[in-house]
Every structure is written in C-alpha cells, then in structure tokens.
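Keeping their order, the protein sequence lines are chains A and B. For the first sequence, counting from 1, position 181 maps to 164 in our numbering; every step adds exactly one. Position in the second sequence counted from 1, then plus 1, gives you our numbering. Just so you know, even glycine gets a beta-carbon here, dropped at the ideal spot from N, CA and C. A short write-up of the structure that comes next.
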Amino acid sequence: MTVTEAPALYEAALRGEPLQQTVFPALINTTRPFWTIGQWPIEVPSPSPQTIPRLQRVIREVRGRTGWSARRLADVVGSTHTTIRQAENGRPLMSGHSGDLRQRLLGLHDIVERVYILAGNDPERTATILLTGPASTGRSAIDELRATGDPGRAYVAALDVLRPRSTGLLVGDRPRRDEPTTALHE
Amino acid sequence: MASLYQAGWRQGSIVEVDLPLDSVVLGASGRPERSSQRHGLWAVATQECDLDRASTDAPDPCIELRPLFTHDYPTDWGIRSARLRLTDDEYAEASAPRLIVAPRVLTAALASGAIRRDLSLARRQGFRTWLGLRYDRPAVPNHLVGLAQCIGKEVTRNKHRQTAGRVRDILMQFDDTADPVRYSLFAVLADSRDEAEVRAWLGRVCQAIPTELGVADRIQAAHADGIALSTIESSYAADVRQVTWRRDQPKPEGAT
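Here it is as structure tokens:
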C-alpha cells in the first residue's frame, strides 16, 4: 500500500497518531509543476540519460569479454593502442586515419559476443578459442579476420575450435523431439 | 480406353460442374452427422501419374477434387498460405473438404456440357507445390518459431541470393536446454566444392541473429551424399526455397 492510496493514513501520521503500519513519505510527481513559489511554478527538467556511444561500448565489451589490453585489441584489429584508447574514451574515429576500423571492431564484436556465450562467459577461454587455429585449417578466427576481413569465416573458425569437425558422414547430435510444431509461414 | 490424362485432365485442371460436397460435423444430438452442400467449381488435385493410370470410364472413386472459391479471394498468390489463388479470382482453401470422384463422373460431366479449363504450366506447378507444402511446411516447436523465422529471413535476404542458390536445403537442430538456445545449421550442397564459401556465408547469417534468440555453435556444409539420412530426417528445415509467388511473379521460383 502506498501513501497516495491511503491519504487518511498519511494525515493521521501527520497528526502524530499511533499507526498500524509503516508510512512512507508521499511521492512527488516531478514530471509536471509540483510547487509554486510566489508566481513561479517549480519545474524539474526531465533527466536525459547519457548513452555510451556504440563504438565505446563495443570496445569495452570486446576487452571485457576477452581480457585483452588496448594494445592487444589494437594488434587484433590492425590499429594502434592509442587509437583504441581514444575511441574507448569517446573520441570519434577519423575516417581518413582509421580506414574501416569501425567495421572491423563491429565485426569482431559480433564474434566475441557469441564465442563468449559459448565459452561459458569465461574471458580467458574466449580469448583462447579466438586465437587457436582449428585442426582443419590451422587458421584461427583472428587469423581469418586479419586475412579475409570476413567475420563469417572467423566465426566458423572459432566454432571449429569449440566443436571440431568430424570426418566422414555429417551427423547431427540434436535430433528433433516428438513435440507439437508451428508452421513458420501461414 | 483412354486415360484421364490422355483425355486432357491435368493436376490443376479446373472444372465447373455441380457436385455434392460432404463433410462431417457434430450434430445437435451430439452424434457425427453428414453436412452436405452443393458446389460448382473444382480443381483436380490428383497427381498426373495417377490420372494417367485412371481409365476415363473407371467406376471407382479415385480422383481427388478440391473445391475452388471466388468470394473474398486473397491478394497474393499464397503458395505458402492457407489459401492459394489458381487464377485471378479463384482460389483453393487448405481446410475445405475435398471430394473423391470416379473418373466416370468427370467423363460424364464433360459429355453433358461441363466446362473444363486448364491452367498454365507455371500455375499448375504452383498448385502442385502448394499441395505438397500443406503437408510438409517448415515447422518448429512453438518456442523456437522466432529463432527459426529469423534464420529463414536472414538466409533468404536478397544480398545472399547468389550463395543461397548453391544450397539445396538448410537443416536446423536446436538445444533448447541451454540459455540462450544453441543451434546447429547444416547446409545440403549441390557441389561439395562450395563448402568453405557456404559455411562462411552461414557464419555471417548467424551473426545477424540476435543472441537473445539463439547462438549457433555448429555450422557445417556437405553434399547430400555426405549427410546421414537420420540427420536429414531428424532436423528441422529452414525455409530457403524461394516459394514466394506474388502477383508480379507468375512463376514460382524454385518451387518444383
């Protein structure tokens, strides 16, 4: 129960009468003028949440989920640790200097985000998977990213480390269960 | 004696003839009862191989007719929908009762002046595809519909069309005990030399799927000869067939 739902209880509290329950201060709605001093209504400006720019968030998440230093991340995406640090601190990338760094960071983030989940939210294991070459090609996800710039190939390389490809007949290990289904299109 | 096929009947032939259309409902007495009405517009649903085996004067019922309707027809051709347009204003309804007639009934109907119309080959193919899809639509457990639809949408994006054309089918398997759901994608290739490229393409597809819906942890591609039949049978099919058949596309692509 809130005070606004029980004005009588609140008034009793103001009078100092013994109460049967805890009474919290009345809530003030600050989204509209709630008090007037003289002729001036008091208005509280609405808070504008500051969102972290996407690139800053991307860099922080990649570093947090791999445990990489700015220098290591710079090495992975082919940049300098100064640029990475500046971007992480919110300075916009200079397109003339950074080339497609933004795109490379976003591509890497897409992979890291997924591998981190598959690695049980373990940064160390995530970094190991990304830097290990699967037996089939020997090229790690990061190698693929550097060589081809293709996040798809890099992701597949990481998956091949997590679940190495078997030779011979391709066999799925999650057969469908006997349960009701819904058509994808109707 | 000529067969129905030789007499010009095809799967998708439309015939205007007044016939009874029966179904069974629960009557007021609480017992099943016949619900009978008359209907005058039909499409032949029987496959042409069976039409070719059926003699025009065969007395036993073996030819399936689907009632066609003209009221409130859908705007799309609807090859994946419950209603399929066969002509500009005539459509079949998946849930409508169907009729099995003797070949002799069709022969007699034509002899007594019933009108038969034949669809173009493209529209007959569309009808055939629709009939098949009604019993073999891509479907997944209810709680995986969002993920499967998202995979299907990404796979069929225009920018992927060229690579998708090298894939005969994409199979999906899910582990819904994990959070988020883990899924495997298996591409069935026409040419095993496309393996690396198709896997990379699927890798990009998977990165476009929000992680809240699921995370791919296995992406494989192999020629049909290299995939266990049990895997093909026990997987869910992603909808990669380009079976959208809209007004401006008279021929259903890849729908054969």
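For residue i, which residues in the same chain have their Cβ closer than 8 Å to its Cβ, ignoring the five residues on either side in sequence?
i         : result
Val25(B)  : Pro33, Glu34, Arg35, Ser36
Met2(B)   : Ser56, Thr57, Asp58
Val45(A)  : Trp51, Leu56, Leu88, Leu91, His92, Val95
Ala166(A) : none
Label residue i either buried or exposed according to how many other C-beta atoms from any shown protein chain fall within 10 Å of its C-beta, with 16 as the threshold for buried.
i         : result
Cys207(B) : buried
Ser149(A) : exposed
Gln7(B)   : exposed
Pro251(B) : Summary for Pro251(B): the model assigns pLDDT 46, below 50, so the residue's position carries little reliability; its value from the coordinates is reported in the next sentence. Label assigned to Pro251(B): exposed.
Val95(A)  : buried
Gly151(A) : exposed
Ile25(A)  : exposed
Met77(A)  : exposed
Leu5(B)   : buried
Gly155(A) : buried
Arg67(B)  : buried
Arg160(A) : exposed
Gly166(B) : exposed
Pro147(A) : exposed
Glu71(A)  : buried
Tyr136(B) : exposed
Pro139(B) : buried
Gln174(B) : buried
Gly28(B)  : exposed
Asp73(B)  : exposed
Thr47(B)  : buried
Excluding the five sequence neighbours on either side, which residues of its own chain have a C-beta within less than 7 Å of the C-beta of residue i, listed in chain order?
i         : result
Asp61(B)  : Ala103
Tyr99(A)  : Arg48, Thr109
Val41(A)  : Leu88, Leu89, His92
His40(B)  : Leu20, Leu22, Pro68
Val156(B) : Ala165, Ile171, Val206, Ala239, Val241
Grab the span of the alpha helix (DSSP H) containing residue i for me, first residue to last.
i         : result
Gly127(B) : 122 to 136
Val41(A)  : 37 to 49
Tyr138(A) : 134 to 145
Pro75(A)  : Where Pro75(A) is concerned, there is no enclosing alpha helix (DSSP H), given that its DSSP letter is neither H nor E.
Val60(A)  : 53 to 60
Thr111(A) : 106 to 114
Val146(B) : 146 to 156
Leu52(B)  : 49 to 54
Can you confirm whether residue i, when its beta carbon is compared against all beta carbons of chain D, has any partner nearer than 8 Å?
i         : result
Cys151(B) : Reference to chain D is not applicable here, since the protein chains of this structure are A and B.
The beta strand (DSSP E) that contains residue i, what's its start and end?
i         : result
Val199(B) : That residue, Val199(B), is in no beta strand (DSSP E); its alpha helix (DSSP H) goes 196 to 208.
Leu107(B) : Premise fails: Leu107(B) lies in the alpha helix (DSSP H), 104 to 112, not in any beta strand (DSSP E).
Gly41(B)  : 33 to 45
His224(B) : 216 to 224
Asp83(A)  : No beta strand (DSSP E) contains Asp83(A), which DSSP labels as neither H nor E.
Ser235(B) : Counting along the chain, Ser235(B) falls outside any beta strand (DSSP E), though it belongs to the alpha helix (DSSP H) covering 230 to 235.
Thr131(A) : Segment 124 to 131 is the alpha helix (DSSP H) holding Thr131(A); no beta strand (DSSP E) there.
Thr154(A) : Residue 154(A) is actually Val in this sequence, not Thr. Note, Val154(A): premise wrong, no beta strand (DSSP E); not H, not E.
Phe17(A)  : Taken as a continuous stretch (DSSP letters only), Phe17(A) belongs to no beta strand (DSSP E), as it is neither H nor E.
Less than 8 Å between the CB atoms is what I'm expecting for residue i and residue j, so what's the real figure, rounded?
i         : j         : result
Thr115(A) : Arg48(A)  : Not a contact, Cβ separation roughly 16 Å.
Gly215(B) : Leu148(B) : 5 Å
Arg105(B) : Gln12(B)  : So it is not a contact: roughly 19 Å between Cβ atoms.
Glu127(A) : Ala118(A) : About 15 Å separates the two Cβ atoms, so there is no contact after all.
Arg200(B) : Val139(A) : 5 Å
Ser236(B) : Phe187(B) : 7 Å
Can you give me the Cβ contacts of residue i inside the same chain, cut-off strictly under 6 Å, excluding the 5 residues immediately before and after it?
i         : result
Ile152(B) : Ala239
Val59(A)  : Ile125
Asp249(B) : Summary for Asp249(B): the model assigns pLDDT 44, below 50, so the residue's position carries little reliability, and this model does not support an answer.
Arg118(B) : Ile15
Ala83(B)  : Ala95
Leu153(A) : none
Selection of the region 92 to 119 of chain A by Cβ proximity to chain B, strictly under 8 Å: Asp93, Ile94, Glu96, Arg97, Ile100, Leu101
Against chain B: residues of the region 32 to 58 of chain A by CB proximity under 8 Å: none
The region 209 to 238 of chain B: positions lying closer than 8 Å to chain A by Cβ: Within the region 209 to 238 of chain B, the qualifying residues are Thr212, Val216, Ala217, Asp218, Arg219, Ile220, Gln221, Ala223, Gly227, Ile228, Ala229, Ser231, Thr232, Ser235, Ser236, Tyr237.
Residues in the region 151 to 168 of chain A having any Cβ partner in chain B nearer than 9 Å: Here the close residues are Gly151, Leu152, Leu153, Val154, Gly155, Asp156, Arg157, Pro158, Arg159, Arg160, Glu162, Pro163, Thr164, Thr165, Ala166, Leu167, His168.
Near-chain A residues of the region 11 to 30 of chain B - C-beta to any C-beta below 7 Å: none
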